[in-house]
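Converting from the sequence shown to the numbering used here requires adding 21 to each position, the first position being numbered 1. Glycine included, every Cβ here is placed at the ideal spot set by N, Cα and C. One structure is given below, encoded as structure tokens.
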Amino acid sequence: MKATLLEGVTVKEICEGFEYSELEGKGLYGWSGKLTIQPEYQRNYLYSENDGEKEKAVIESVLKGYPIGLLYFNKVGDRYEVLDGQQRITSLGRYLKNLFSVKDLTGNSHYFKSIDETDKQKILDTKLTIYICEGTETEIKEWFKTINIVGIPLNKQEISNSIYSGSFVTLAKAEFSNSQNNRLNVWRAYVKGNVKRQEILRTALEWVAKNSYDVAVDEYMSFHRYDTNIDELKNYFEQVITWINETFTKTYDEMCGLEWGRLYEEYHEENFDKEKLAAELEKLYYDGYVTNKNGIFEYVLKFLATGDKDTKLLHVRFFGPNEKRRAYDEQTKEAKNLDRSNCPDCVLEKRRNAKKIWKFSEMEADHVTAWSKGGATDLKNCQMLCKYHNRLKGNF
Ligand SMILES: [Zn+2]
Numbered sequence: 022m023k024a025t026l027l028e029g030v031t032v033k034e035i036c037e038g039f040e041y042s043e044l045e046g047k048g049l050y051g052w053s054g055k056l057t058i059q060p061e062y063q064r065n066y067l068y069s070e071n072d073g074e075k076e077k078a079v080i081e082s083v084l085k086g087y088p089i090g091l092l093y094f095n096k097v098g099d100r101y102e103v104l105d106g107q108q109r110i111t112s113l114g115r116y117l118k119n120l121f122s123v124k125d126l127t128g129n130s131h132y133f134k135s136i137d138e139t140d141k142q143k144i145l146d147t148k149l150t151i152y153i154c155e156g157t158e159t160e161i162k163e164w165f166k167t168i169n170i171v172g173i174p175l176n177k178q179e180i181s182n183s184i185y186s187g188s189f190v191t192l193a194k195a196e197f198s199n200s201q202n203n204r205l206n207v208w209r210a211y212v213k214g215n216v217k218r219q220e221i222l223r224t225a226l227e228w229v230a231k232n233s234y235d236v237a238v239d240e241y242m243s244f245h246r247y248d249t250n251i252d253e254l255k256n257y258f259e260q261v262i263t264w265i266n267e268t269f270t271k272t273y274d275e276m277c278g279l280e281w282g283r284l285y286e287e288y289h290e291e292n293f294d295k296e297k298l299a300a301e302l303e304k305l306y307y308d309g310y311v312t313n314k315n316g317i318f319e320y321v322l323k324f325l326a327t328g329d330k331d332t333k334l335l336h337v338r339f340f341g342p343n344e345k346r347r348a349y350d351e352q353t354k355e356a357k358n359l360d361r362s363n364c365p366d367c368v369l370e371k372r373r374n375a376k377k378i379w380k381f382s383e384m385e386a387d388h389v390t391a392w393s394k395g396g397a398t399d400l401k402n403c404q405m406l407c408k409y410h411n412r413l414k415g416n417f
């Protein structure tokens, strides 16, 4: 079983000699007769259902320059059968044969014959990405099952790389998917992922596309597909890395894999007091009650920039069962001696529960001094309140 990437075949070529059977409701042949679009075992044409929503979408994508995805053909002798892509090819063929129309931005419908010459050429010249597979039917079926269901499916970036193959991807891979690149050691402190599986490249693209331009990675790749340099991608990535290096005086393992692109966009214009930042981090890093160490970096950036203590980022540990039980026992013993409720807030309220002794299961632990105000999660700072009063008070 062999699969070869065939690039450069245009919509015009694939739709040459396209035949559609109205009777059977399927595309039959294309590519000047050497392509069987719908071998017997395949489904009927479904894209014309729902008022042709999907076939129209194929044409709209092509007109906008968006990719329509990979096509897989099976080579049988000197002929080809479509393994995957028959619906898309049939949409293209049917449109070129004026069998349906597509609405433009102003809502007017246009058949292929009535669109302007530039759009016509754009559709006809669109290049398709085709994989030619060769092997026995069993092999091909097995392989198809593998790429689709089991095995290691292509990840997002691997798919994008094949869809947008061209000079940009080649250069980008040489930089970001190259295990010999000596910058890799620096990047690895902050960026997670497998170089060979294009994961560093993915991050670099996400940073520049999503965080800097607020567009999808695929859109960015489509736009730059035939660029002959990757300066913007490379510079932005290094800018983020430099900012991290300069902002944090110490590197922690937990810094690897954070959303640095987003944090850079949010905070790179702040003038941080680096010593203060380092001290705050150090304190949180060694605070046993902070269970989410990954969150401390954003917490400190946000706190120093805005004064906001976003404790959600830290997952501060709650009191454990032993601490609660000890606090409960002490409080209850004292309450019984003084003939009052073991919930201090019920006592203060002086209402009907002022003398009620709550059961352990009816109470919850509360930080006397909120953690965010410096209160620790230890016994001295633990008090049990009835559920009503604890919820009234809220945490932190
Ligand atoms: Zn109470």
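Could you give the first and the last residue of the continuous alpha helix (DSSP H) run that contains Tyr320? Along the sequence shown, one-based indexing puts residue 320 at 299. Its alpha helix (DSSP H) spans residues 317 to 327.
Any idea if Glu61 is buried or exposed, counting beta-carbon neighbours within 10 angstroms, 16 or more meaning buried? The residue given as residue 61 occupies position 40 in the sequence shown. Reliability fails at Glu61, whose pLDDT of 49 lies under 50, so the model's placement of it is uncertain and no value is given.
Could you work out which residue in Asn182, Glu70, Glu370 is closest to His245 when comparing CA atoms only? Position 224 of the sequence shown, counted from the start, is the residue given in the question as residue 245. Answer by Cα proximity: Asn182.
Starting from Tyr349 and walking both ways along the beta strand (DSSP E), at which residues does that stretch end? The residue given as residue 349 occupies position 328 in the sequence shown. Going by DSSP, Tyr349 is part of no beta strand (DSSP E) but of the alpha helix (DSSP H) stretching over 342 to 359.
Start and end residues, beta strand (DSSP E) containing Met405: The residue given as residue 405 occupies position 384 in the sequence shown. Per DSSP, Met405 belongs to the beta strand (DSSP E) from 403 to 407.
In the segment 259 to 340, which residue ranges form an unbroken alpha helix (DSSP H) of at least 4 residues, counting only runs that do not cross its ends? Note on the segment 259 to 340: whole alpha helix (DSSP H) runs with a minimum of 4 residues are 281 to 288, 295 to 306, 317 to 327, in chain order.
Grouping DSSP H, G and I as helix and E and B as strand, with all else coil, what is Tyr41? Position 20 of the sequence shown, counted from the start, is the residue given in the question as residue 41. Per DSSP, reduced to three states, the secondary structure at Tyr41 is strand.
Please tell me whether Thr150 and Leu113 are closer than 8 Å, where the distance is taken between their beta carbons. Here residue 150 corresponds to residue number 129 of the sequence shown, with the count starting at 1. Here residue 113 corresponds to residue number 92 of the sequence shown, with the count starting at 1. No, the Cβ-Cβ distance between Thr150 and Leu113 is not below 8 Å.
To the nearest angstrom, report how far apart Gly172 and Glu179 are at their CA atoms. Taking the sequence shown and counting its residues from 1, the one referred to as residue 172 is at position 151. Taking the sequence shown and counting its residues from 1, the one referred to as residue 179 is at position 158. Confidence at Gly172 is low in this model, with a pLDDT of 38, below 50, so the placement of that residue should be treated as unreliable; the coordinate-derived value is given next. Annotation: Gly172 to Glu179 spans about 15 Å, alpha carbon to alpha carbon.
Would Lys124 pass as an interface residue toward chain B - the criterion being a Cβ-Cβ separation below 8 Å? No chain B is present in this structure, which holds just one protein chain.
Contact check, Val311 vs Gly282, beta carbons under 8 Å: Locating residue 311 in the sequence shown gives position 290, where the first residue counts as 1. Locating residue 282 in the sequence shown gives position 261, where the first residue counts as 1. Cβ distance not < 8 Å, so Val311 and Gly282 don't count as in contact.
Would you say Asn95 and Ile161 are within 8 Å of each other, going by their C-beta atoms? For the purposes of this step, residue 95 is taken as residue 74 along the sequence shown, with counting starting at 1. For the purposes of this step, residue 161 is taken as residue 140 along the sequence shown, with counting starting at 1. Cβ atoms of Asn95 and Ile161: closer than 8 Å.
Spatial neighbours of Cys277 within its chain, please: CB distance less than 8 Å, with the 5 preceding and 5 following residues excluded, ordered by chain position. By one-based count along the sequence shown, residue 277 stands at place 256. So the qualifying residues of the chain are Arg209, Ala210, Tyr211, Val212, Lys213.
Once DSSP output is grouped into helix, strand and coil, what is the label at Met242? Translated into positions along the sequence shown, residue 242 becomes position 221. Met242: helix per DSSP, three-state reduction.
Under the criterion of a Cβ to heavy atom distance below 7 Å, does Asp366 qualify as lining ligand 1? Reading the sequence shown from its first residue, position 345 is the one you call residue 366. Result yes, Cβ under 7 Å from ligand 1.
Anticipated Cβ contact below 8 Å, Gly51 with Glu70, distance rounded: By one-based count along the sequence shown, residue 51 stands at place 30. By one-based count along the sequence shown, residue 70 stands at place 49. With a contact defined as Cβ atoms closer than 8 Å, Gly51 and Glu70 miss out at about 21 Å.
Less than 8 Å between the CB atoms is what I'm expecting for Ile110 and Ile35, so what's the real figure, rounded? To locate residue 110, count along the sequence shown from 1; it is residue 89. To locate residue 35, count along the sequence shown from 1; it is residue 14. About 6 Å separates the two Cβ atoms, so the contact holds.
Tell me whether the beta-carbon of Leu226 lies closer than 8 Å to the beta-carbon of Tyr247. Taking the sequence shown and counting its residues from 1, one reaches residue 226 at position 205. Taking the sequence shown and counting its residues from 1, one reaches residue 247 at position 226. No, the pair does not count as a contact, with Cβ atoms beyond the cut-off.
Please report the straight-line C-alpha distance between Arg347 and Ala375, rounded to a whole angstrom. What you label residue 347 is simply residue 326 of the sequence shown in a count that begins at 1. What you label residue 375 is simply residue 354 of the sequence shown in a count that begins at 1. Going from the Cα of Arg347 to the Cα of Ala375 covers about 22 Å.
Can you find a heavy atom of ligand 1 that lies under 7 Å from the Cβ of Arg403? Position 382 of the sequence shown holds residue 403. Checking the sequence, you will find Cys at residue 403 rather than Arg. Within the chosen limit of 7 Å, ligand 1 does not reach the beta carbon of Cys403 with any heavy atom.
Name the residue from Gly396, Asp350, Glu383 whose alpha carbon lies nearest to the alpha carbon of Gly309. Working through the sequence shown from its first residue, we reach residue 309 at position 288. The option with the nearest alpha carbon to Gly309 is Gly396.
Let me check you understand the geometry: is the CB of His388 closer than 7 Å to at least one non-hydrogen atom of ligand 1? Taking the sequence shown and counting its residues from 1, one reaches residue 388 at position 367. No, ligand 1 has no heavy atom inside 7 Å of this Cβ.
Quick one: grab the DSSP three-state call for Val103. Working through the sequence shown from its first residue, we reach residue 103 at position 82. Correct three-state label for Val103: strand.
Bridge partners of Met384, per DSSP? Locating residue 384 in the sequence shown gives position 363, counting from the first residue. Paired residues: Cys407.
Cβ-heavy atom distance, Asn374 to ligand 1, below 7 Å: Start at 1 with the first residue of the sequence shown, and residue 374 comes out as number 353. Yes.
Are the Cβ atoms of Ile58 and Val97 separated by less than 8 Å? What you label residue 58 is simply residue 37 of the sequence shown in a count that begins at 1. What you label residue 97 is simply residue 76 of the sequence shown in a count that begins at 1. Against a cut-off of 8 Å, the Cβ pair of Val97 and Ile58 comes out as no contact.
Could you tell me the boundaries of the beta strand (DSSP E) in which Cys154 lies? For the purposes of this step, residue 154 is identified with residue 133 of the sequence shown, where counting begins at 1. Cys154 -> beta strand (DSSP E) spans 148 to 155.
Beta-ladder partner(s) of Tyr50, from DSSP: Translated into positions along the sequence shown, residue 50 becomes position 29. Glu40, Thr57, per the DSSP bridge assignment.
Indicate whether Arg115 and Glu155 have their beta-carbon atoms separated by less than 8 Å. Counting from one through the sequence shown, the residue named residue 115 turns up at place 94. Counting from one through the sequence shown, the residue named residue 155 turns up at place 134. Taking 8 Å as the Cβ cut-off, Arg115 and Glu155 do not qualify as a contacting pair.
For Ser130: DSSP bridge partner residues: Here residue 130 corresponds to residue number 109 of the sequence shown, with the count starting at 1. Here Ser130 is bridged, per DSSP, to Lys124.
Inter-residue spacing [alpha-carbon to alpha-carbon] between Phe324 and Phe340: Within the sequence shown, residue 324 is the residue found at index 303, counting from 1. Within the sequence shown, residue 340 is the residue found at index 319, counting from 1. Approximately 25 Å, taken between the alpha carbons.
Limits of the unbroken beta strand (DSSP E) element including Leu205: Here residue 205 corresponds to residue number 184 of the sequence shown, with the count starting at 1. Segment 205 to 209 is the alpha helix (DSSP H) holding Leu205; no beta strand (DSSP E) there.
Which same chain residues end up closer than 8 Å to Val321 when comparing Cβ atoms and leaving out the 5 residues on each side of it in sequence? Taking the first residue of the sequence shown as position 1, residue 321 is located at position 300. Excluding sequence positions up to five before and after Val321, its CB lies within less than 8 Å of the CB of Leu298, Glu301, Leu302, Leu305, all in the same chain and listed in chain order.
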